[in-house]
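Enquirer: Please see the structure below; I have some questions.
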Amino acid sequence: MTEILLMASEIGSILDAVLEVEFSFLQTENIARELARLPAGQQQLVLQWTRRVSSTNVQLAYEFSSRAVRALACMDEEMLSAWCLHAMDTYDRAGLHPAMEVIKDLEGFLAFGHLRASAALLEDVRPVLNSFIHGLSGRRLELQEDTRSWTDGEVLYLPEMMARLEDEEDNFHLYKAMATHLWGQTRYGTLNVDPQALLAPYADEQHALHWFQLLETLRLDNYLKRDLPGLYRQIQQLHARLADPGQESALQALRSELDASASVNDSVAALARLYERQAPSLPCYAGGMDLPLAWQARELRLQREEARFRDALRVLAEDLQGEAAEAASPFELRERNPDRDSSELADLELVLADQVMPVPEHLKSIMTSIQLDLTGIPEEYLVPAGEGEYDPALLEDETLDPNDVWGGVYHEEGAFFYDEWDFGRLHYRKNWCVLRELDQEGGDDGFYNRTLDRYRGLVRSLHRSFEVLRGEDKVLRRQPHGEDIDIDAFVEALADMQSGMEMSERLFSRMHKDERNIAVLFMVDMSGSTKGWINEAEREALVLLVESLQVLGDRYAIYGFSGWARKRCEVYRIKSFDEPLSNKVKGAIGSIEPKDYTRMGAPIRHFTRMLEEVEARTKLLITLSDGKPDDYDHYYRGEYGIEDTRQALFEARVAGIHPFCITIDKEGADYLPHMYGKANYVVLDDVAKLPLKVSDIYRKITS
């Protein structure tokens with residue numbers, strides 16, 4: 012479509028409306044005359060960004076429009092966009108005065124903007140890098156921003172911006188290469204060296220550390236070449252573009268110091284041989300190091316994970332042998348892949364009293380983490396913990412008290428920060444919402460039991476229908492006990508015996524119910540609009556859902572949500588994924604009550620983050636609500652709240668989570684298709700139908 016060149020009077024009318032001159036008393040005549048001299052495309056660009064910036068602050072938009080002609084003389088469209096977004100982000104973070112400084116310091120931004128224009132920004136690439144890092148083997152790692160790149164074994168720290176290459180995509184690949192090498196440090200043993208012992212023999216610790224980092228980078232290259240060959244080739248292509256040709260021969264010679272199966276101890280030995288030499292520069296993709304901090308984190312992690320592992324063994328032993336289980340009766344470990352390469356993680360199973368124990372998902376991750384730090388699981392770890400042997404604080408995740416959220420300057424202590432999508436600026440407001448996670452205070456379980464009595468017939472019917480969904484039996488082979496002989500295992504064992512080897516005892520097969528691999532989180536609207544029958548219907552629906560899910564065995568969590576403006580978003584923990592159904596949970600369901608408003612974006616982002624940490628093939632986020640997003644802030648009502656919620660749901664889908672909404676809002680069909688998609692919601696026209704229909708709806712979306 013051909014763009015129309017606007018006259019000064021037409022531009023002035025648009026600016027008067029956008030900048031609210033009737034109330035702001037800003038003068039737009041000179042700006043309109045300047046913009047009238049621009050080509051039509053540039054006129055539209057300036058007016059578009061003036062509208063977007065005005066959604067943040069009218070005065071900021073005025074200052075932008077007054078400098079736009081001068082900016083276009085030295086900026087392209089992409090840099091102008093970055094300039095405006097940087098100013099709006101500064102406004103969100105620090106207020107109007109610092110944001111004005113960004114707009115007024117055009118020359119200063121030009122120097123920064125030229126660098127930024129081709130850079131990859133961590134905030135932009137974080138979702139992709141997160142998914143990539145989570146897909147690699149080993150301990151689950153998180154990404155955080157820092158001024159340098161390094162890892163403590165649990166978090167990968169990367170700089171805010173990567174701008175060493177001229178193309179944004181190439182800089183993203185450099186981010187990816189650096190993150191991969193940091194992962195390699197956690198996966199292949201780099202961090203399992205005591206830094207004091209490593210550096211003690213050397214007078215120049217920085218020189219020794221540089222040699223160690225270089226040797227480890229080359230050693231990790233060998234493993235990446237073996238385990239991730241495609242990515243390794245991409246990393247080497249980046250290296251070829253940035254490497255000093257004069258040092259490349261020295262690097263190639265060093266590679267021969269470490270063969271393809273070298274361990275970190277081989278790097279330590281090579282350091283002793285090479286210390287007196289001049290070390291080449293590090294490759295561009297080398298991950299940084301902070302060995303003292305990483306070692307400190309490792310020591311704390313080992314203490315925590317030994318306690319959690321042994322306490323989990325105590326629970327497994329009690330499940331098998333009852334409360335009378337001997338605390339000192341140790342478990343055994345058996346490898347499923349005894350012929351593995353020494354650098355591969357062992358696939359272990361737990362055995363107690365000659366019976367193979369199913370290993371829960373959370374325990375598998377602890378076993379993996381222990382192997383990464385110690386290369387194996389020590390024998391003393393296999394003795395179940397005695398009652399009260401460990402400080403309870405070691406058995407729980409370290410968290411800040413959410414009630415401390417009001418103690419900080421910006422409510423930072425005990426809170427989570429989440430971005431919010433501003434559809435007016437078509438960009439996120441960074442760290443805009445402050446969310447607290449609180450425990451729902453429980454009452455007695457009277458409401459839960461009364462609901463079961465009221466729907467006694469329906470509960471029985473639900474039990475029968477959900478039994479069908481539990482899964483089918485599958486055959487577990489090579490078991491020490493079972494109903495049938497495993498013919499394949501028997502033939503192999505007979506051949507072993509005839510060749511002089513010991514005959515295996517794992518000769519049986521048994522039937523095992525195949526478990527559904529589903530995790531579902533229910534987010535329950537606790538806004539003030541749910542008073543009365545709606546609140547009671549939500550609670551009754553949860554009771555029926557809980558009864559159904561107990562039959563299915565699906566992992567589930569229940570959280571309420573409400574809040575008051577952006578700095579007081581609150582979610583209420585009714586039942587976490589790892590928490591069993593107890594009288595406390597039943598009481599918490601019965602005590603759900605209406606509170607404040609319905610700001611949905613931040614809770615959805617919080618629950619997405621929680622579901623990402625759960626190991627499951629299918630992940631569901633199901634909302635029980637009586638209406639559309641709303642808040643005390645007038646701008647969150649209507650289109651702003653709907654668009655933020657839609658964006659949060661899109662983020663959930665990108666993370667592999669399936670959102671679904673069950674609502675009783677008769678007008679829900681007007682906005683729910685836009686937020687959830689046409690097939691991902693259901694509107695119940697009668698609140699009384701909610702408890703009757705919700706289990707049926709759950710069965711349909713999970714079967």
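For the sequence shown, counting from 1, position 158 maps to 169 in the numbering used here; every step adds exactly one.
A virtual CB, placed ideally from N, CA and C, is assigned to each residue, including glycine.
Owing to the predicted nature of the structure, the values given are computational and were not obtained by experimental measurement.
Starting from Phe671, trace the beta strand (DSSP E) in both directions and tell me its first and last residue.
Expert: Run containing Phe671: 668-674, per the beta strand (DSSP E) assignment.
Enquirer: Whose C-beta lies closer than 6 angstroms to the C-beta of Asp450 among residues of the same chain, with five residues either side of it excluded?
Expert: Counting only Cβ-Cβ distances below 6 angstroms, and skipping sequence neighbours, we find Arg584.
Enquirer: Starting from the Cα of Asp116, find the closest Cα among Glu74, Leu154, Ser148, Glu153 and give me that residue.
Expert: Nearest C-alpha to Asp116: Glu74.
Enquirer: Apart from the five residues on each side of it in sequence, which residues of its chain come closer than 7 angstroms, Cβ to Cβ, to Gln53?
Expert: So the list reads Leu83, once near-sequence residues are dropped.
Enquirer: May I have the straight-line CA-CA distance separating Phe477 from Tyr466, to the nearest angstrom?
Expert: Cα-Cα distance, rounded: 16 angstroms.
Enquirer: Could you give the uninterrupted runs of the beta strand (DSSP E) lying entirely in the region 493-547, keeping only those of 3 residues or more?
Expert: DSSP runs (the beta strand (DSSP E)) wholly in the region 493-547: 519-524, 529-536.
Enquirer: Considering only DSSP beta bridges, list what Val582 is partnered with.
Expert: According to DSSP, Val582 bridges with Glu448, Phe572.
Enquirer: Return the CA-CA distance between Arg150 and Arg616, expressed in angstroms with no decimal places.
Expert: Answer to the nearest angstrom: the Cα atoms are 23 angstroms apart.
Enquirer: Which residue's Cα is closest to the Cα of Pro341: Arg436, Arg321, Leu176?
Expert: Considering only alpha carbons, the answer is Arg321.
Enquirer: Please go through the same chain and pick out, in chain order, the residues whose beta-carbon is closer than 8 angstroms to the beta-carbon of Glu177, but skip the five residues on each side of it.
Expert: Hits under 8 angstroms: Ser129.
Enquirer: If you drop the 5 nearest sequence neighbours on each side, which residues of the same chain put their C-beta closer than 6 angstroms to that of Arg724?
Expert: Coverage of the chain is limited to positions 12 through 714, which leaves residue 724 absent and any answer about it impossible.
Enquirer: Measure from the alpha carbon of Gly399 to the alpha carbon of each residue in Asp456, Arg319, Ala261, Asn691, then state which is nearest.
Expert: The residue with the shortest Cα to Cα distance from Gly399 is Arg319.
Enquirer: Drop a sphere of 10 angstroms on the beta-carbon of Leu437, count the other beta-carbons inside from all chains shown, and report buried for 16 or more, exposed for fewer.
Expert: Leu437 is exposed by the Cβ-count criterion.
Enquirer: Decide if the region 286-298 is in contact with the region 138-145; the criterion is three or more beta carbon pairs, one per stretch, under 8 angstroms apart.
Expert: Not touching, per the Cβ criterion.
Enquirer: What residue range is occupied by the uninterrupted alpha helix (DSSP H) comprising Phe75?
Expert: Unbroken alpha helix (DSSP H) run through Phe75: 69-83.
Enquirer: Buried or exposed: Pro640, going by 16 or more other Cβ atoms within 10 Å of its Cβ?
Expert: Counting Cβ neighbours within 10 Å, Pro640 comes out buried, since at least 16 surround it.
Enquirer: To the nearest angstrom, report how far apart Asp456 and Ser380 are at their CA atoms.
Expert: Answer to the nearest angstrom: the Cα atoms are 39 angstroms apart.
Enquirer: Can you give me the Cβ contacts of Thr61 inside the same chain, cut-off strictly under 6 angstroms, excluding the 5 residues immediately before and after it?
Expert: Same-chain partners within the cutoff: Val29, Ala72, Ser76.
Enquirer: Roughly how many whole angstroms lie between the Cα atoms of His108 and Asp100?
Expert: Straight-line Cα distance between these residues: approximately 12 angstroms.
Enquirer: At the level of alpha carbons, what is the spacing between Arg230 and Arg345?
Expert: C-alpha separation (whole angstroms): 30 angstroms.
Enquirer: Helix, strand or coil, according to DSSP, for Asp402 in the structure here?
Expert: In the structure shown, Asp402 sits in coil (DSSP, three-state: anything other than H, G, I, E or B).
Enquirer: Near Glu317, what residues of its chain come up, given a Cβ to Cβ distance below 7 angstroms and the 5 sequence neighbours on each side ignored?
Expert: Here the set comprises Tyr392.
Enquirer: Decide yes or no for the touch test of the region 226-244 against the region 272-287: beta carbon pairs closer than 8 angstroms, at least 3 of them.
Expert: Yes, since at least three Cβ pairs between the region 226-244 and the region 272-287 fall closer than 8 angstroms, the two stretches touch.
Enquirer: With distances taken from CA atoms, which of Gly454, Gly652, Arg710 is nearest Ala5?
Expert: Since the displayed the chain opens at 12 and closes at 714, residue 5 lies outside it and no answer follows.
Enquirer: Just the Cα atoms here: how many angstroms apart are Thr67 and Lys441?
Expert: The straight-line gap from Cα to Cα measures roughly 13 angstroms.
Enquirer: How long is the line joining the alpha carbons of Leu411 and Met537, rounded to whole angstroms?
Expert: Model confidence at Leu411 stands at a pLDDT of 45, short of 50, so the residue's coordinates are unreliable; what they give is reported in the following sentence. Cα to Cα, the separation comes out at about 24 angstroms.
Enquirer: Is it true that the CB of Gln155 sits closer than 8 angstroms to the CB of Gly298?
Expert: For Gly298 and Gln155, no; Cβs fall outside 8 angstroms.
Enquirer: Could you check where the alpha helix (DSSP H) with Asp103 kicks off and where it finishes?
Expert: Start and end: 88-105.
Enquirer: What alpha helix (DSSP H) runs, 4 residues minimum, are completely inside the region 267-352?
Expert: Here the runs fully enclosed are 275-285, 302-332.
Enquirer: In terms of residue numbering, what span does the alpha helix (DSSP H) encompassing Glu360 cover?
Expert: Taken as a continuous stretch (DSSP letters only), Glu360 belongs to no alpha helix (DSSP H), being part of the beta strand (DSSP E) at 359-363.
Enquirer: Roughly how many angstroms lie between the CA atoms of Arg325 and Ala396, to the nearest whole one?
Expert: Going by the C-alpha atoms only, they are around 6 angstroms apart.
Enquirer: Would the beta-carbon of Asn691 fall within 8 angstroms of that of Ala627?
Expert: Their beta carbons are not under 8 angstroms apart, which means Asn691 does not touch Ala627 by this criterion.
Enquirer: With a threshold of 6 angstroms on Cβ separation, who are the neighbours of Leu327 within its own chain once the five nearest residues in sequence on each side are excluded?
Expert: Cβ neighbours of Leu327 beyond the five flanking positions: Met368.
Enquirer: Per the contact definition of three or more C-beta pairs closer than 8 angstroms, is the region 210-218 in contact with the region 173-189?
Expert: Too few Cβ pairs lie closer than 8 angstroms, so no.
Enquirer: So that I know if they touch, is there some Cβ in chain E lying closer than 8 angstroms to that of Leu37?
Expert: The question asks about chain E, but that chain is absent: this structure has only one protein chain.
Enquirer: Restricting to Cα atoms, I'd like to know which of Arg309, Tyr643, Thr386 is closest to Gly574.
Expert: For the residues Arg309, Tyr643, Thr386, the minimum Cα distance to Gly574 belongs to Tyr643.
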